[in-house]
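Since the structure comes first, as structure tokens, the remarks are kept for the end.
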Amino acid sequence: MEDTLNLMPLWAFFAALAVTFLAGFVKGAVGFALPLIMISGLSLFLEPQLAIAGILLPVVLSNFLQAGRFGLAQIRAVVIEYWRYILIVCVMILFVSQFVTVIPAQVFYLILGVPVVILSLIQLFGVRFHVPPARRRIAEWGIGAFAGGLGGLTGTWGPPTVLYLIALETPKAKQMLVQGVVYGLGSVSLLIGHLQSGVLNTVTAPFSAALLIPAFLGMQVGFWLSDRLDAEVFRKITLIVLVVAGANLVRRGLMG
219 MEDTLNLMPL
229 WAFFAALAVT
239 FLAGFVKGAV
249 GFALPLIMIS
259 GLSLFLEPQL
269 AIAGILLPVV
279 LSNFLQAGRF
289 GLAQIRAVVI
299 EYWRYILIVC
309 VMILFVSQFV
319 TVIPAQVFYL
329 ILGVPVVILS
339 LIQLFGVRFH
349 VPPARRRIAE
359 WGIGAFAGGL
369 GGLTGTWGPP
379 TVLYLIALET
389 PKAKQMLVQG
399 VVYGLGSVSL
409 LIGHLQSGVL
419 NTVTAPFSAA
429 LLIPAFLGMQ
439 VGFWLSDRLD
449 AEVFRKITLI
459 VLVVAGANLV
469 RRGLMG
């Protein structure tokens, strides 16, 4: 852990703990945005590759906590129904994650910031798409490839997945289950991909492991408050914060 702390000032480590707790809280309360909040927040004061390494274990933990709230029979049914989407997301994450180490920092900020702003604005303004049943198979492969590619580069494939489920007119209760399964299996692919890429290594892994604690605690608070919050208002506030954070990442990508 001493080698890990040498990568950053002590204040940055404690700031990372706070960002992760907030991300866990939002994840527990509304079911999404942990990797978006973490990568956007950590990238403000950490190098991009270190920020990506930091999110890896909390992303796995949070998604399996979310999926674990449902029964095995429900999870199995989701895998059977959405296997094409899950497969292409996982394959693209594994493939694209190998290119993270060769992307310049400013390009990374743009790759992360632009989709965060656009996809958050789409959700914030309630823009809806519709995928007719006859086009579902094509949409699964196409949107899944985009989501997985984005996930491999930035560690988040949630917004395209949410928009896809909305386009299929998936009931809200089922959306939470499908998201948990897609995010859970995708997070395993991301972890494997970055073990291979070298982003997660003996120096960065302890940092990611340390962030498991605030992620878990934040999710527990979020779960506890989820029934007491106005979920729609809270979701909109979260999206506004993500737009601002994404815009700042775009600024850094353009101006350095």
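In the numbering used here, the protein residues as written are 219 to 474. We put the beta carbon where it would ideally sit given N, CA and C, even for glycine. No experiment lies behind these values; they were computed from the predicted model shown.
The beta carbons of Phe434 and Ala271 sit no closer together than 8 Å. Asn419 is classed as exposed because its beta carbon has fewer than 16 other beta carbons within 10 Å across all chains shown. Taking a cut-off of 8 Å on C-beta distances, the segment 245-264 touches the segment 444-460, as three or more cross pairs fall below it. Within the segment 368-436, complete alpha helix (DSSP H) segments of at least 4 residues are found at 376-385, 390-415, 423-428, given in chain order.
Excluding sequence positions up to five before and after Leu254, its CB lies within less than 7 Å of the CB of Val334, Thr374, Gly376, Leu460, all in the same chain and listed in chain order. The residue from Leu223, Leu279, Gly344 with its alpha-carbon nearest to that of Glu450 is Gly344.
Two segments are said to touch when three or more pairs of C-beta atoms, one from each, lie closer than 8 Å; by this definition the segment 278-290 does not touch the segment 232-240. Taking a 10 Å sphere around the C-beta of Ile306, we find 16 or more other C-beta atoms and assign the residue as buried. With contacts defined as CB atoms closer than 8 Å, Thr372 and Ile257 qualify as a contacting pair. Note that the C-beta distance between Ser407 and Leu312 is below 8 Å. The C-alpha of Thr379 is placed about 8 Å away from the C-alpha of Ile361.
Between the segment 344-358 and the segment 429-444, the count of C-beta pairs closer than 8 Å stays below three; the two stretches do not touch. Here Cys308 is actually not in contact with Gly402; their C-beta atoms are around 11 Å apart, not less than 8 Å. At the C-beta level, Ala357 and Glu265 stay beyond 8 Å of one another.
Rounded to whole angstroms, the gap between the alpha carbons of Val417 and Arg294 is 32 Å.
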